[in-house]
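K.L.:
One structure, pasted below without further comment.
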Amino acid sequence: MLEQDIKKVLISEKEIQEKTVELGQILATEYAGKNPLLLGILKGSVPFMAELIKRIDIPVQLEFMTVSSYNGTMESSGEVKLLLDVDTPLKGREVVIIEDIIDTGRTLKYLKELLEHRGANVKIVTLLDKPEGRVVEIDADYTGFTIPNEFVVGFGLDYDGYYRNLPYVGVLKEEVYSS
Ligand code: XMP
Ligand code: MG
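Letter by letter, the sequence shown follows residues 1 to 179 of UniProt numbering.
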C-alpha cells in the first residue's frame with residue numbers, strides 16, 4: 001500500500017479540506033461578479049483544484065495548462081517548457097493560477113509573465129509554498145501551507161509520477177528513493 005512508503009504525514013486530509021474551504025470563501029468574495037478563469041497547472045494541481053472549486057460559490061470557468069520544469073525526479077532543470085496551452089483568449093480576463101507547490105519559483109514566474117503578456121490579470125493560489133527553495137522572485141497571492149525545504153508527495157505531488165493520489169501531503173521514506 002502507498003502508506004507504507006510514507007515516513008511522516010506533513011499535512012492531513014482534514015487540514016487540507018479545511019484550508020480549501022477557507023480559500024474558496026476568500027476567492028468567492030474577491031472574484032464575485034468578475035467571471036474568473038481558474039487555471040489549473042497539470043498534473044499536480046488536480047486534487048487541490050477539485051477540492052477548491054467546490055468551495056467557490058460564484059460562477060467560474062476552468063482551463064488547464066501543462067508546463068514542465070522538472071526533468072525526471074527531484075531536481076529542477078531550471079528550464080520551463082509549455083507543453084499544453086489554453087485555447088481561450090485571455091486579454092482582460094481575471095486569471096487565477098492554481099498550483100500545487102512553489103519551490104524555486106521558476107514555473108510560476110514563467111507562467112505569470114506569459115499570461116500577463118497576453119493581457120490577463122493574474123493571481124496565484126498555491127497549496128504549498130517552500131520559501132527556502134526560491135531561486136527567482138515570485139510570491140503567491142494565496143497560500144495553503146508554508147512547508148520546510150523537504151521533498152513532499154501526495155495530494156497531487158509526485159515522485160517519478162507516483163503518489164499523486166495520496167489523500168494527504170507527506171514525506172517519503174529514504175529507501176523509496178534509493179531502491
Ligand atoms: P518551481 O521550482 O518551478 O517548481 O517553483 C514547481 C514545480 O516543482 C515541482 N516540485 C515538487 N514536486 N514534491 C513534488 O512532488 C516537491 O517537494 C516539489 N517541489 C517542487 C512541482 O511539480 C511544482 O509544480
Ligand atoms: Mg507541478
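Note that CB positions come from ideal geometry on N, CA and C, so glycine has one too.
Measure the Cβ-Cβ separation of E13 and Y168 and say whether it is below 7 angstroms.
P.N.:
Taking 7 angstroms as the Cβ cut-off, E13 and Y168 qualify as a contacting pair.
K.L.:
Rounded to whole angstroms, what is the Cα-Cα separation between G154 and G170?
P.N.:
6 angstroms
K.L.:
CB L128 to CB F145, shorter than 7 angstroms?
P.N.:
yes
K.L.:
With C-beta atoms as the reference, is I97 less than 7 angstroms away from L39?
P.N.:
yes
K.L.:
Looking at the unbroken beta strand (DSSP E) that takes in Y142, where does it start and where does it end?
P.N.:
Y142 to T146
K.L.:
What is the rounded straight-line gap between the Cα of G161 and the Cα of T66?
P.N.:
14 angstroms
K.L.:
In chain order, what are the residue ranges of uninterrupted alpha helix (DSSP H) at least 4 long that sit wholly in the segment 81-119?
P.N.:
106-117
K.L.:
Label M49 either buried or exposed according to how many other C-beta atoms from any shown protein chain fall within 10 Å of its C-beta, with 16 as the threshold for buried.
P.N.:
Under the 10 Å beta carbon count, M49 is surrounded by 16 or more other beta carbons and is classified as buried.
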